[in-house]
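In the numbering used here, the protein residues as written are 53 to 373. Here is the structure we will look at, set down as structure tokens.
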């Protein structure tokens, strides 16, 4: 990170972020960040209205908190209507990060996955909406898939759900993003987007893990999931799990697989993960290169050169997959 950030972190290393009573400025900074992000995401806020959100240790915690809020809102609604509320489900693409599976497992929610297919490695909005029923607490959409970096069509998903709601009921979209893309209409400008998770550390350049979850309005975060504690001095609200803080395809003529490429690249000090896609596309194996902002042209040329050396070496070995 920049030397100014290094200095700031070292000067603040003895501060306890959790103790809001003793270190009140940390709370002010947290709330300011929430407000900035909420407005970046076009939350429907008045001029003097504060954004609704929370900073977390990462996106996994943020996603679980947001889903708990969805589950509690759905349960309250079902109870009020006199309907069963013991079988909630969430709908995602099969390309979601493992924290979604953890949430479903830990908090007893059925996970409905939209299967991927070759050539289309993100959630299909039409298939997702077909899976929605009265027990659906949310539909998840990702901008920046873990597997391929692709964006899912949040606008189409929202529009399809709007049409379905006219016939059946009310569902909403949860959006988790890795990057900002201002040209796309995907954020709180869409009426059914109720909460958004933004990662604060996906591309490096920061030392500490941090995630953010922003809710559309205060009514989208039920009071029942917020705790108020006073054993650090003043009464403070808390809603966290942690108390402390390629566009083309090549003709298949392979004699070795992606795992061998990744393994050989390590000799040149490159860590390039190789992995298979999820169910129904598991026969597709990919290599992922994540480019940081400070990745220089010199490093890029070195990476390409080392790739060429590895491929030339493996070609000469004539290995079979």
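The C-beta atom is built at its ideal place from N, Cα and C for all residues, glycine as well.
Taking C-beta atoms under 8 Å as the contact rule, residue 97 and residue 90 qualify, at a distance of about 6 Å.
The region 174-184 makes contact with the region 203-214: 3 or more CB pairs, one atom from each, lie closer than 8 Å. One thing to note: residue 277 has its Cβ within 8 Å of the Cβ of residue 120. In this structure, residue 268 sits near residue 247, with a CB-CB distance shorter than 8 Å. Secondary structure at residue 94: coil, using DSSP grouped into helix, strand and coil. For residue 361, the closest alpha carbon among the candidates 191, 318, 274, 152 is that of 318. Closest in alpha carbon position to residue 266, among 65, 64, 79, 107, is 107. Taken in chain order, the complete alpha helix (DSSP H) segments of 4 or more residues contained in the region 83-139 are 111-133.
Between the C-alpha atoms of residue 157 and residue 118 there is a straight-line separation of about 15 Å. From the listed residues 321, 320, 314, the smallest Cα separation to residue 327 is found for 314. Check the Cα spacing between residue 308 and each of 337, 54, 122, 139: the tightest is with 337. Beta bridge pairing from DSSP links residue 157 with no other residue. A straight-line Cα-Cα distance of about 7 Å links residue 274 and residue 124. Rounded to the nearest whole angstrom, the C-alpha separation of residue 88 and residue 366 is 50 Å.
Under the three-state reduction of DSSP output, residue 341 falls in the coil class, being neither helix nor strand. Within its own chain, the residues whose Cβ lies closer than 8 Å to the Cβ of residue 334, once the five positions on either side in sequence are excluded, are 328, listed in chain order.
The shortest C-alpha to C-alpha distance from residue 332 to any of 342, 173, 195, 205 is the one to 173.
Nearest to residue 155 by alpha-carbon distance, out of 112, 131, 359, is 112. Around the beta-carbon of residue 145, 16 or more other beta-carbon atoms lie within 10 Å, marking it buried.
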